[in-house]
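Undergrad:
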Amino acid sequence: MAKKKETDFCNFCGEPITPDTLLIHGESAAICENCANRVNEIVSEFHKNRPSKNQNHLQELKLIKPKELKAKLDEYVIGQEEAKKVISVAVYNHYKRILSGKADDKGVEIEKSNIILVGETGTGKTLIARTIAKLLDIPFCIADATVFTEAGYVGEDVESILTRLLQAADYDVHKAEMGIVFIDEIDKIARKGADNPSITRDVSGEGVQQSLLKLLEGATVNVPPQGGRKHPEQKFTVVNTQNILFIASGAFNSMDKIIAERMNTNVIGYNKKNRQLDKENIMKYISAQDLKSFGLIPELCGRFPVITYLNALDRDALQKILLEPKNALIKQYIYLLELDGIKLEFTQEALDYIVDKAIELKLGARGLRSIIEKIMTDLMYEAPASKKKNFSIDLKYAQTQFESSIFSFLNS
Ligand SMILES: Nc1ncnc2c1ncn2[C@@H]1O[C@H](COP(=O)(O)OP(=O)(O)O)[C@@H](O)[C@H]1O
Ligand SMILES: [Mg+2]
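Structural data, given as structure tokens:
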């Protein structure tokens with residue numbers, strides 16, 4: 191007589207097993223993948239809520255006061271005073287919020303300070319976020335919003351962001367849960383709207399925004415530790431996003447026009463005389479309303495209470511970036527050659543030339559590196575084997591090297 195084998199059922203939920211479901215066998219019982227996942231969640235939840243473990247990480251958290259944090263940022267990031275200040279305050283408040291626990295006795299609860307950085311490419315958005323994470327010694331990861339798709343479509347799931355954060359935290363869940371997630375190119379998932387016909391992304395942009403929203407709302411998320419698509423056999427790590435700081439960034443092209451339009455409309459009709467619009471620095475008026483006009487859904491804007499902008503870098507700033515930050519580009523090349531016993535210097539005219547070219551490239555500070563690399567390649571190739579121990583990069587040399595590299599590029 192055919193007796194139904196007990197292994198066709200999960201001994202926990204009693205459900206019969208379909209050919210697609212994984213059943214894990216023990217000595218005298220079996221558990222289905224659904225129950226296994228649930229058990230995994232319960233176990234993680236239990237360990238997470240144990241105070242001793244949590245406390246250790248909280249003690250490790252370096253709370254640096256805003257002024258001090260800004261001063262440290264100054265060593266790495268040139269200009270962008272407003273952004274550095276706003277972010278220093280937001281980050282300080284964020285970690286104070288975590289350390290203080292939940293609400294105070296009057297029920298005052300500190301809202302999370304996720305940040306949106308608006309600024310052209312190469313102005314230091316990523317640099318600021320990365321530097322903050324380094325200064326505070328917390329896990330940091332960068333995710334590009336354009337690679338995400340709505341669940342069920344080909345592409346990466348939004349949850350994979352947390353996989354990267356886990357990796358950055360050496361798979362220490364508690365540490366990851368206090369980390370910073372940097373979401374780049376958030377402007378590229380704006381929905382196409384009447385206000386912003388220039389966006390080419392179709393409706394799916396909105397779907398990705400919806401998925402992001404879940405992470406931002408402070409959810410418990412099942413994270414595949416190896417990333418990629420959810421796979422039935424993969425064990426999940428449960429990550430709570432409640433204390434993760436999200437910093438989003440984007441160029442938001444033509445944002446100045448959206449702001450100007452709003453300001454003009456607002457100014458007309460009330461208080462016109464008293465309003466002095468600083469037309470040169472229109473970006474400083476940026477508000478959540480402008481992000482909405484650009485095509486971010488209101489719920490998502492609501493999750494980013496801190497909005498700040500980064501200025502395009504002018505020639506003075508670019509010059510400083512070459513020379514002043516702790517690991518300034520020029521310092522790096524001088525050091526590289528110093529290791530070969532070679533003394534390298536740049537004339538002021540050569541530096542001016544590099545800055546000129548960077549401005550032409552319109553890549554902000556991002557262009558500086560590729561320009562110097564082009565100028566320096568031949569020298570770095572020849573110099574270590576040369577008897578000459580002093581090299582000066584002057585205008586003529588910089589110009590010749592740069593132009594010939596462009597020429598060979600055009601011919602290749
Ligand atoms: N304000 C700045 N101060 C110092 N270096 C900068 C600044 N902005 C950009 N850089 C340099 O340019 C590179 C690219 O900047 P990044 O922060 O990635 O720009 P983006 O705004 O596009 O994120 C950085 O690695 C850094 O070397
Ligand atoms: Mg960037």
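Using the working numbering, the letters of the sequence shown correspond one by one to residues 191 to 602. Even glycine gets a Cβ: it sits at the ideal position worked out from N, Cα and C.
(1) Kindly indicate which three-state DSSP category Cys491 falls into: helix, strand or coil?
(2) On the three-pair Cβ rule with 8 Å, is the stretch 278-288 touching the stretch 500-513?
(3) Please classify Thr431 as buried or exposed, where buried requires at least 16 other C-beta atoms within 10 Å of its C-beta.
(4) Inspect the beta-carbon positions of Gly159 and Leu500 and report whether they are closer than 7 Å.
(5) How many Å lie between Val545 and Glu514 at the Cα?
(6) Less than 7 Å between C-beta atoms, sequence neighbours within five positions excluded: which residues of the same chain meet that for Ala573?
(7) From Phe592 to Leu558, what distance separates their C-alpha atoms?
(8) On the premise that Leu307 lies in contact with Thr498, defined as a C-beta separation below 8 Å, what is that separation, rounded to the nearest angstrom?
(9) Let's see if you can read the secondary structure: which residues bound the beta strand (DSSP E) around Gly557?
(10) Determine, using beta carbons only, whether Ile565 and Ala548 come nearer to each other than 7 Å.
(11) Gln522 to Glu396, Cα distance in whole Å?
(12) Along the chain, where does the beta strand (DSSP E) containing Ile532 start, and where does it finish?
(13) Considering only the beta carbon of each residue, do Phe436 and Asn517 sit closer than 7 Å?
(14) So, Val233 versus Leu352, is the Cβ gap smaller than 7 Å?
(15) To which residues of the same chain is Ala358 closer than 8 Å at the C-beta, ignoring the five residues directly before and after it?
(16) Measuring straight from C-alpha to C-alpha, what distance separates Ser218 and Asp210?
(17) Please confirm whether any heavy atom of ligand 2 lies closer than 6 Å to the CB of Thr313.
(18) Quick one: what does DSSP say Val308 is sitting in, helix, strand or coil?
(19) Identify every residue that forms a DSSP beta bridge with Thr410.
(20) Terminal residues of the continuous beta strand (DSSP E) containing Phe606?
(21) Would you check if the stretch 314-330 and the stretch 444-452 touch, i.e. whether three or more CB-CB distances between them fall below 8 Å?
(22) Below 8 Å CB to CB, which residues in the same chain sit around Asp568 once its five sequence neighbours on both sides are set aside?
(23) Give the straight-line distance between the Cα atoms of Phe536 and Leu519, rounded to the nearest whole angstrom.
(24) Cutting at 8 Å between CB atoms, please list the residues of its own chain near Lys257, excluding the five before and the five after it.
(25) Can you tell me which of the three DSSP states Ile190 falls into?
(26) Short check: CB of Ala380 to CB of Leu486, under 7 Å?
(27) Ligand 2 and Thr321: does any heavy atom of the ligand fall closer than 6 Å to the residue's C-beta?
(28) Residue range of the alpha helix (DSSP H) that Ser350 falls in?
TA: To lay it out plainly:
(1) helix
(2) no
(3) buried
(4) Residue numbering for the chain in the displayed model covers 191 to 602; residue 159 lies beyond these limits and cannot be assessed.
(5) 14 Å
(6) Leu527, Asp530, Ile532 and Phe581
(7) 12 Å
(8) By a beta-carbon distance limit of 8 Å, Thr498 contacts Leu307. Their separation comes to about 6 Å.
(9) Unbroken run through Gly557 is the alpha helix (DSSP H), Arg556 to Glu572; no beta strand (DSSP E).
(10) no
(11) 43 Å
(12) Counting along the chain, Ile532 falls outside any beta strand (DSSP E), and DSSP gives it neither H nor E.
(13) no
(14) no
(15) Pro329, Phe330, Cys331, Ala366 and Gly369
(16) Roughly 22 Å separates the two Cα atoms.
(17) no
(18) strand
(19) Asn430
(20) A query on residue 606 cannot be resolved here, the shown segment of the chain reaching from 191 to 602 and no further.
(21) no
(22) Gln591
(23) Taking the straight line joining both Cα atoms gives about 12 Å.
(24) Counting only Cβ-Cβ distances below 8 Å, and skipping sequence neighbours, we find Ser278.
(25) The shown model of the chain, from 191 to 602, leaves out residue 190, and the question about it has no answer.
(26) Inclusion of Ala380 and Leu486 in the CB contact set at 7 Å is warranted, their separation being smaller than that value.
(27) no
(28) Ser350 to Ala358
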